[in-house]
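All remarks here apply to the structure that follows.
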Amino acid sequence: VLSLEDGRRRYLDLAAKLQTSFALAAGTPEAARHRDDVAFMVAVRANLIKHTGGKKDRDEIDYELNQLVSRAVISDGILDVFKASGLERADISLLSDEFLADVRDMEQKNLAIEALRKLLAGEVKARQSKNIVEARRFSDRLEAAMAKYHNRAVDSLQVIQELIELAQAMREAGHRGVDLGMSDEELAFYDALADNESAVALLGNDTLRVMAQEIARRVRSTATVDWTHRENVRAMMRIEVKRLLRQFGYPPDLEPKAIELVLEQARRVAALN
6 VLSLEDGRRR YLDLAAKLQT SFALAAGTPE AARHRDDVAF MVAVRANLIK
56 HTGGKKDRDE IDYELNQLVS RAVISDGILD VFKASGLERA DISLLSDEFL
106 ADVRDMEQKN LAIEALRKLL AGEVKARQSK NIVEARRFSD RLEAAMAKYH
156 NRAVDSLQVI QELIELAQAM REAGHRGVDL GMSDEELAFY DALADNESAV
206 ALLGNDTLRV MAQEIARRVR STATVDWTHR ENVRAMMRIE VKRLLRQFGY
256 PPDLEPKAIE LVLEQARRVA ALN
């Protein structure tokens, strides 16, 4: 638009007329079918006014417009997608491959990308209070996928596929505890201990599982104590974790990081109880 002669003014005028016409016909089925397209055009108009009067370069303007336009239509779009699938809210565990395929096949790819990003970001946030390491891994994957898309290293179809695969991985991760014979709390401590590949290679999964179960047992025994606000209780927990790591032969050079990670996980577990 901006490269055309008088394109900016013509677009602003036409988009304003479109907005007025849509408002008059908003209650009709025909208008409803074009709601997202109109929202797109109006959002572009608003942001052309806001962002084309300064000294920003074209790439920066394009990027900001893309972000703002996505947000302009995403709220209703996400609700439509989930309601059409019979879901009251976005929950990774409830999403079938068929649902994810429906998202992938949406005509508005920017809407599909934002729907998936919003879904995955919400799931990462929910997991942060339950499993630090797992949440961090998924967060890193989400950020990496979106960074590639924003840097135009991948196209919309590629990033959608990557986000769908991440959603599937999150869904499958919900069964890890059952598969390993551990509760969610035990699994969180297991992940904290196994965060370093050297520890896994040296001790093995079975030993780390026993250690995680013992840590979870000790944390549960102090569940009635607000140990996150009592220095003496925190110090005692630190000593117990350190003793346990040494008892099982956890690599000494990895101890400090593991202790801090386990204590932070314990703090979050205690906060949930």
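Throughout, our numbering is defined as the position within the sequence shown, counted from one, plus 5. All residues carry an ideal CB built from backbone N, CA and C; glycine is no exception.
Environment of residue i [buried if 16+ CB atoms lie within 10 Å]
i       : result
Val-183 : exposed
Gly-82  : Per-residue confidence for Gly-82 stands at a pLDDT of 49, beneath the threshold of 50, marking its modelled position as unreliable; no derived number is given.
Ile-79  : Any reading at Ile-79 needs caution, since the residue's pLDDT is 43, under 50, leaving its predicted position unreliable; the model's value is listed next. By the 10 Å Cβ count, Ile-79 comes out buried.
Leu-9   : exposed
Leu-185 : exposed
Glu-265 : exposed
Leu-19  : exposed
Asn-136 : buried
Arg-214 : buried
Glu-170 : exposed
Glu-190 : buried
Ala-44  : buried
Leu-192 : buried
Leu-162 : exposed
Arg-14  : exposed
Leu-277 : exposed
Ala-275 : buried
Ala-172 : buried
Ala-240 : exposed
Three-way DSSP call (helix, strand, coil) for residue i in this model
i       : result
His-180 : coil
Gly-313 : Since the first residue of the chain shown is 6 and the last is 278, residue 313 is not available in this structure.
Val-267 : helix
Asn-136 : coil
Gly-82  : Here the model assigns Gly-82 a pLDDT of 49, short of 50, so the residue's position is not dependable and the matter cannot be decided.
Met-111 : coil
Arg-157 : coil
Thr-33  : coil
Lys-262 : helix
Asp-102 : helix
Asp-11  : coil
Sequence-distant residues of the same chain with beta carbon closer than 7 Å to residue i, five excluded per side
i       : result
Phe-194 : Ala-217, Ile-220, Ala-221, Val-267 and Gln-270
Glu-139 : Arg-132, Ala-178 and Asp-196
Leu-207 : Pro-256
Asn-27  : According to the sequence as given, residue 27 is Phe; it is not Asn. Hits under 7 Å: Ala-36 and Val-43.
Ser-144 : Val-129
Ala-199 : Val-205 and Leu-213
Cβ neighbours of residue i in the same chain (closer than 6 Å, five flanking residues each side left out)
i       : result
Arg-3   : Residue 3 is absent from the structure shown; the chain starts at 6 and stops at 278.
Leu-250 : Glu-260
Leu-17  : Arg-50
Residues near residue i in its chain [Cβ-Cβ closer than 8 Å; skip 5 each side]
i       : result
Arg-122 : Leu-147, Met-151 and Leu-168
Phe-164 : Here the sequence assigns Val to residue 164, which means Phe is not the residue at that position. The answer, listed in chain order, is Ile-118, Ala-150, Met-151, Lys-153 and Tyr-154.
Asn-201 : Pro-256, Leu-259, Lys-262 and Ala-263
Asn-156 : none
Ile-54  : Leu-17
Phe-253 : Leu-208, Thr-212, Val-215 and Met-216
Ala-30  : Ala-36
Any chain D beta carbon closer than 8 Å to residue i
i       : result
Val-246 : No chain D is present in this structure, which holds just one protein chain.
Sequence ranges, alpha helix (DSSP H) only - wholly within the region 184-234, length at least 4: As far as the region 184-234 is concerned, its whole alpha helix (DSSP H) runs of at least 4 residues are 189-198 and 202-226.
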